[in-house]
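In the order they appear, the protein sequences are chains A and B.
Numbering of the first sequence is given in the UniProt record's numbering, commencing with residue 1 and proceeding in unit increments.
Numbering of the second sequence is given in the UniProt record's numbering, commencing with residue 1 and proceeding in unit increments.
Note that beta-carbon positions come from the ideal geometry of N, C-alpha and C, so glycine has one too.
Single-structure report; data block below.
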Amino acid sequence: MLTKRIIPCLDIKDGRTVKGTNFVNLRDAGDPVELGAIYAQEGADELVFLDITATVDERKTLIDLVRKVAHAVNIPFTVGGGISSVADVSALLNAGADKVSINSSAVRNPDLINELALEFGSQCIVVAIDTRYIRVEPGAEGLGQGETDLNATPSALNSQLFDHIVHTHGGRKPTALRTITWAKEVEERGAGEILLTSMDTDGTKAGFALDLTARISAAANIPVIASGGAGSMDHFVDVFTTGKADAGLAASIFHFKEIDIPELKGYLHQQGIPMRLTL
Amino acid sequence: MKTVIIKYNAGNVQSVMYALDRIGASYLLTDDEAEIRSADKVIFPGVGEASTAMAYLRARGLDKLIPSLKQPVLGTCIGMQLLCRYSEENDTTCMGVFDVDIRRFPGDLGLKVPHVGWNNINDLKGPLTKGLPENAFMYFVHSYCADVCDYTVATCDYGRPFSAMLQKDNFYAAQFHAEISGNVGQRILENFLTL
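Structure (structure tokens):
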């Protein structure tokens, strides 16, 4: 049976992990290679490395890092951050990345998804979508307000005025795209997976955005990786059951050992969630 | 021992090279006929699209060379599919080592396609899964698969059973990516290299 995946995310700046870690057994807490290898041995199903600097000089550092990770890690890993061209992707895949994740550049130039899928295959193209539940301004370009039903209850009316809107630039800049529309479009254009981050729940530790995740997972026929809000093991149960996610991603709760990956996977297995258990 | 990885226009050759580096095996990446023929082991990896890959192999005569090899050959993912008779992916005639067709996962099973992630393999036979337990988990990424057939030496289930591994004479094939399937995947590569 296909299992649900647990994915730690490592934020990288100048070739080092940021946000720190609580791993006592790490020789160098800032070394993404060593941390990645430990997660792989602990049973993480995949890894995501997110480069949050990505200037031209720093790209070289990143390529170097990807090569080292590929030598040390025997599970799939995705690299994201600042990727905007076929050449960027080619360099990362050649260095040993299994997948790349694109975000703002795909919103800016949606044809990029088609180009990358054609050149490298959908299997290695992850489109990251950062989204926030905001008021939809009447007449906003590309959004429309929809037909306002005068007999609608206040809450139904509210749901016509608010929606999950795609954001770029680390979730700061709203676009004119509804999340569900964009999710369907990226699939049609050839994305292999969607990495869905709710900016509303990110960092709260109050749980994943379950309704949103379930809606996107139902709308798209490609796997959805849910991100943002994990604070407990039960949040992962919820995201795989109610949220219908294919994978759950988190960062600091793993780095700070608030949740131990083997323990989490054992717990999910007990709860009836299909998990890959390793020794 | 000389291990050759066949160089062609499919992705993920790097991942296989890194996997061999991790287990300390040396290898040569080449599309040269003499080098391939003289190898002790041949790995035919790849991800990508079937018709483009076959066109590339035909243009270089590799479509005739590969089926004629006598040493152990391991095809993975699209490499496995190209060793079969035919692929529905863009109506592609393949090399026909394994007398089985490659078909797309039906979209009406309520399952997402591609099949992405870790799934368990069963009914293990043959030398490559030696030492592996039933239900070992492997990493899959594919939209097309081979039905279970006479050559099946490991099965997997995604909506319906399909061939996770095939074997016929000196030809071995795996639909999953052993090179990124953790310690168990590594064991399969080691088993192949020590055949």
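Give the range of the alpha helix (DSSP H) segment to which residue i is assigned.
i	result
Asp88(A)	86–94
Glu188(A)	179–189
Gln14(B)	13–22
Phe236(A)	233–241
Asn114(A)	111–120
Gln123(A)	Counting along the chain, Gln123(A) falls outside any alpha helix (DSSP H), and DSSP gives it neither H nor E.
Gly36(A)	32–42
Ala206(A)	Run containing Ala206(A): none; DSSP gives neither H nor E here.
Ala106(A)	104–108
Let me know the secondary structure DSSP gives residue i once reduced to three states.
i	result
Arg132(A)	strand
Ala214(A)	helix
Phe49(A)	strand
Ile83(A)	coil
Phe77(A)	strand
Ile273(A)	coil
Leu29(B)	strand
Val18(A)	coil
Thr278(A)	coil
Ala176(A)	strand
Ile259(A)	coil
Glu141(A)	Unreliable positioning characterises Glu141(A) in this predicted model, as indicated by a pLDDT of 47, which lies under 50. A coordinate reading is not provided.
Gly171(A)	coil
Asp64(A)	helix
Tyr8(B)	coil
Ile72(A)	Correcting the residue identity first, residue 72(A) is Ala in this sequence and not Ile. Residue state, collapsed to three classes: helix.
Leu264(A)	helix
Ala34(B)	helix
Ala220(A)	coil
Excluding five sequence neighbours on each side, which residues of the same chain lie with their C-beta closer than 8 Å to the C-beta of residue i?
i	result
Arg187(B)	Gly131, Leu132
Val100(B)	Cys84, Arg85, Ala146, Asp147, Cys149, Tyr151, Ser163, Leu166
His269(A)	Met275, Leu277
Thr17(A)	Leu10, Asp11, Ala29, Gly30, Asp31, Pro32, Leu35, His255
Ala219(A)	Ile180, Ala183, Lys184
His115(B)	Phe105, Phe140, Val141, His142, Ser143, Cys145, Tyr158
Asn170(B)	Leu69, Lys70, Gln71, Pro72, Val73
Met17(B)	Ile5, Tyr27, Leu29
Asn74(A)	Ala40
Ala19(B)	Ala178, Glu179, Ile180, Gly185, Gln186, Leu189
Asp238(A)	Gly207, Phe208, Leu210
Gly107(B)	Val113
Ser38(B)	Lys2
How about residue i: is its C-beta nearer than 8 Å to some C-beta of chain D?
i	result
Gly121(A)	Among the chains of the structure shown, chain D does not appear; the protein chains present are A and B.
Leaving out the 5 sequence neighbours to the left and right, which residues in its chain are closer than 7 Å to residue i when beta-carbon positions are compared?
i	result
Pro127(B)	Asn191, Leu195
residue 199(B)	Residue numbering for chain B in the displayed model covers 1 to 195; residue 199(B) lies beyond these limits and cannot be assessed.
Gly231(A)	Lys205, Ala206, Gly207, Ile253
Ile6(A)	Ala44, Asp45, Gly248, Ile261, Leu264, Lys265
Ser105(A)	Ile83, Ser84, Leu112
Met65(B)	For the record, residue 65(B) in the displayed sequence is Leu; it is not Met. Excluding positions up to five away in sequence, the list reads Glu33, Ile36.
Could you name the residues that DSSP lists as bridge partners for residue i?
i	result
Ile225(A)	Leu195(A), Ala247(A)
Thr3(B)	Lys41(B)
Lys99(A)	Thr78(A)
For the beta strand (DSSP E) that contains residue i, what are its first and last residues?
i	result
Leu10(A)	5–13
Phe162(A)	162–168
Apart from the five residues just before and just after residue i, which ones in its own chain have a Cβ nearer than 6 Å to its Cβ?
i	result
Val126(A)	Thr78, Lys99, Ser101, Glu193, Leu195
Ala95(A)	Ile63, Val66, Arg67
Thr92(B)	Ala50, Ser51, Met54
Asn103(A)	Ala128
residue 300(A)	What the structure shows of chain A is the stretch from 1 to 279, and residue 300(A) is not part of that stretch, so it cannot be assessed.
Phe49(A)	Leu10, Ile12, Val79
Ala173(B)	Gly75, Met80, Leu83, Leu166
| task | Would you list, in sequence order, the uninterrupted beta strand (DSSP E) runs of no fewer than 3 residues that lie entirely inside the UniProt domain "Glutamine amidotransferase" (37–193) of chain B? | result | 41–44, 73–76, 84–87, 98–104, 115–121, 136–142, 144–146, 152–158, 160–168, 171–174
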